[in-house]
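**Student:** With my numbering applied, the sequence shown corresponds to residues 15 to 164, in that order. Beta carbons are placed, not taken as given, at the ideal position from N, Cα and C, and that holds for glycine.
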Amino acid sequence: MTGSARSTGCVFCDALAAGGDDSLVVFRAPLSFIILNKYPYNNGHLMVVPNRHIALPSEATAAELAEIIALAARAEVVLRDAYAPHGLNMGINLGKPAGAGILDHLHMHVVPRWNGDTNFMTVVGETRVLPEELPVTAVRLRPIFEKLAH
Ligand SMILES: [Zn+2]
C-alpha cells in the first residue's frame with residue numbers, strides 16, 4: 015500500500031483507496047475492481063470486488079452485479095491467456111461456515127485450477143509453495159486486462 019492512504023479497516027477498501035502499481039489491484043472498472051488474493055490458492059488467484067463496502071449480493075445494485083460477472087468473465091480470458099489452466103473455480107463465499115475469510119466486503123473468487131493441484135495441496139498441507147511472487151503476477155496480468163478493456 016502507498017503510505018498516504020488512511021486505513022479504513024477493510025483490506026479491499028484500503029486497496030481501492032491506495033492505488034498505484036505497488037498495490038495488488040490489477041484492474042479497475044467504474045463500479046468494481048479486480049485484486050490478487052494475498053494468500054492465493056494457486057498462481058493467478060483473483061477476486062472481483064465491488065467498490066462499495068457491501069457484504070452481500072442482495073445489497074448490490076443490478077449494475078454492480080452485472081459488472082462483477084462481466085469482470086469475472088474477463089478474468090477468465092486473462093487467466094487462460096496468462097496461465098493456460100486446465101479449469102477455473104468462480105465463486106462467492108458468504109459467512110464463516112461457507113469459508114469466507116473477509117466477511118464484510120463482498121468478493122468473487124476466480125481461481126485457476128490444474129489437473130492434480132488438489133492432490134498437491136493435500137500433500138503440502140498448510141504450506142503454499144507457489145513459484146510466482148504476487149508483484150510478478152500483478153505485472154503479468156495488468157497489461158492483459160488493459161488490452162481487453164480497449
Ligand atoms: Zn470494504
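So, with DSSP's three-state summary, where would you put I83?
**Tutor:** helix
**Student:** Using CA coordinates, which residue listed in Y55, A43 and A29 is at the minimum distance from E160?
**Tutor:** Minimum Cα distance to E160 is reached at A43.
**Student:** Among W128, S46, M61 and F47, which has the Cα closest to the Cα of Y97?
**Tutor:** W128
**Student:** Roughly how many whole angstroms lie between the Cα atoms of G33 and L148?
**Tutor:** 16 Å
**Student:** May I ask whether a heavy atom of ligand 1 can be found less than 7 Å away from the beta carbon of F47?
**Tutor:** no
**Student:** With a threshold of 16 other CB atoms inside 10 Å of the CB of E81, please say whether the residue is buried or exposed.
**Tutor:** buried
**Student:** Taking DSSP's pairing of strands, which residues face F47 in a bridge?
**Tutor:** R42 and V63
**Student:** Ordered along the chain, which non-local residues of its own chain (more than five positions away) have a Cβ less than 8 Å from that of G109?
**Tutor:** L117
**Student:** Would you mind reading off the limits of the beta strand (DSSP E) that contains L102?
**Tutor:** Counting along the chain, L102 sits inside the beta strand (DSSP E) bounded by residues G101 to G105.
**Student:** Using a Cβ-Cβ cutoff of less than 7 Å, which residues in the same chain neighbour A89 once the five nearest sequence positions on both sides are dropped?
**Tutor:** I48, L60, V62 and V124
**Student:** Based on the DSSP output, what are the partners of R127 in its beta bridges?
**Tutor:** G101
**Student:** Output yes or no for whether 8 Å exceeds the beta carbon distance between V92 and L30.
**Tutor:** no
**Student:** Work out the CA separation of A74 and I68 for me, nearest whole Å.
**Tutor:** Cα to Cα, I68 sits roughly 7 Å from A74.
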